[in-house]
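Reading the sequence shown from the start, the letters are residues 8 to 290 in this note's numbering.
Read the structure below first, then the notes.
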Amino acid sequence: KEGLLALNRQKPLPHVLQRIAVVSSEGAAGLQDFREHLAQNAFGYQFHVQFFQSSVQGRNAETELIAALQTVALRHDKFDAVVLVRGGGARLDLAAFDALELGRKVAAMPLPVLVGIGHDVDETVLDLVAHQSLKTPTAVADFLVQHNLFFENEILRSAETLQRYGMHFLNVANLDLERQEQNLRWGVREKMQTAAQNIHRAQQMIPVLTAQIFQNQTSNLDRFESLCAALHPDAVLKRGFSITRFEGKIVTNPNQVPEGSAVQVQLKEGELRLKNTRNLFTE
């Protein structure tokens, strides 16, 4: 009616059970087996076990068990689970584990409670309300080891999966890199071939372009030569013009020549010497 029967089973078990609070009696049969079995596990797992003393049978067992569990509950952030163990015994020796208040305390514990009371046939209230009920203290130790082994196997499987995916992505990346490398090689080869073709075409065009340039320049030289020839004084003289010089300088104005001075007149076929008389040149 109080909803306590499955309350502790609803507590999630941590992925790793390593910090264990053990509630039992130092003289309890099976406690030493539990400790040795846990410490000597075949997988080398390390457990941090803290012992909380309590009677596990007799008149004071219920009170001491509740007090020990209360102490653990106040420090629940220091532990992953609570283990309550004792060895086998007569049915009457288990009466404390049927107590109502103890059952309530176990059900309301903030940590998962594992019990290994050491009986094969009998069932107590604690077996019903605990998170896990195991037959013996060594079975509780085996449960802790197996729980951690399951977690380690999950980690190893995850590592294998991660490695597999990593290798897959690495292979994909390598293939992509090889494709890019191949494309780069072909691209470089294609560009080199194109460059070689351009160079070859340029080599073929150089003589043609050179000849064309020389031809153009030759034509320009011929044109300039014709122009120079047309503008040469000899060409002017051939057309009937003359050139008058005074003291070696060309005369373009009669006032350049003083009266009485002689000038040289150059013609096509020869030269005349004339004398300036009142700006009238006489032979």
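Think of the CB as a built atom: it goes at the ideal place given N, C-alpha and C, for glycine as much as any other residue.
As the structure is a prediction and not an experimental result, all values here were calculated from the model.
Can you find at least 3 beta carbon pairs, one from the segment 186–199 and one from the segment 73–87, that sit closer than 8 Å? no
Counting only runs that start and end within the segment 240–275, where is the alpha helix (DSSP H) found for 4 or more residues in a row? 240–245
Is it buried or exposed for Gly110, if we count other Cβ within 10 angstroms and need 16 for buried? buried
I'd like to know whether the C-beta atoms of Val89 and Gly123 end up nearer to each other than 9 Å. no
Top-ranked residue by Cα proximity to Asp40, from Ser226, Val264, Thr143 and Ala269: Thr143
Between which residues of its own chain and Gln57 is the CB-CB distance below 6 Å, once the five residues before and five after are set aside? Ala28
Output the distance between the C-alpha atoms of Ala202 and Met174, rounded to the nearest integer angstrom. 41 Å
Bridge-paired residues (DSSP) for Ala28: Gln57 and Val89
Count the other CB atoms within 10 Å of the CB of Ala103; is the residue buried (16 or more) or exposed (fewer)? buried
Under the three-state reduction of DSSP, which class applies to Gln139: helix, strand or coil? strand
Measuring alpha carbon to alpha carbon, tell me which residue in Val23, Ile250, Asn205 and Ala36 is nearest Gln271. Ile250
Kindly indicate which three-state DSSP category Val120 falls into: helix, strand or coil? strand
Whether Ala137 touches Val120 by CB criterion (9 Å): yes
Going by DSSP in three states, Glu278 sits in which element: helix, strand or coil? strand
Which residues in the same chain as Thr131 place their Cβ atom closer than 7 Å to its Cβ, once the five residues preceding and following it in sequence are excluded? Leu101, Phe104, Asp105 and Ile124
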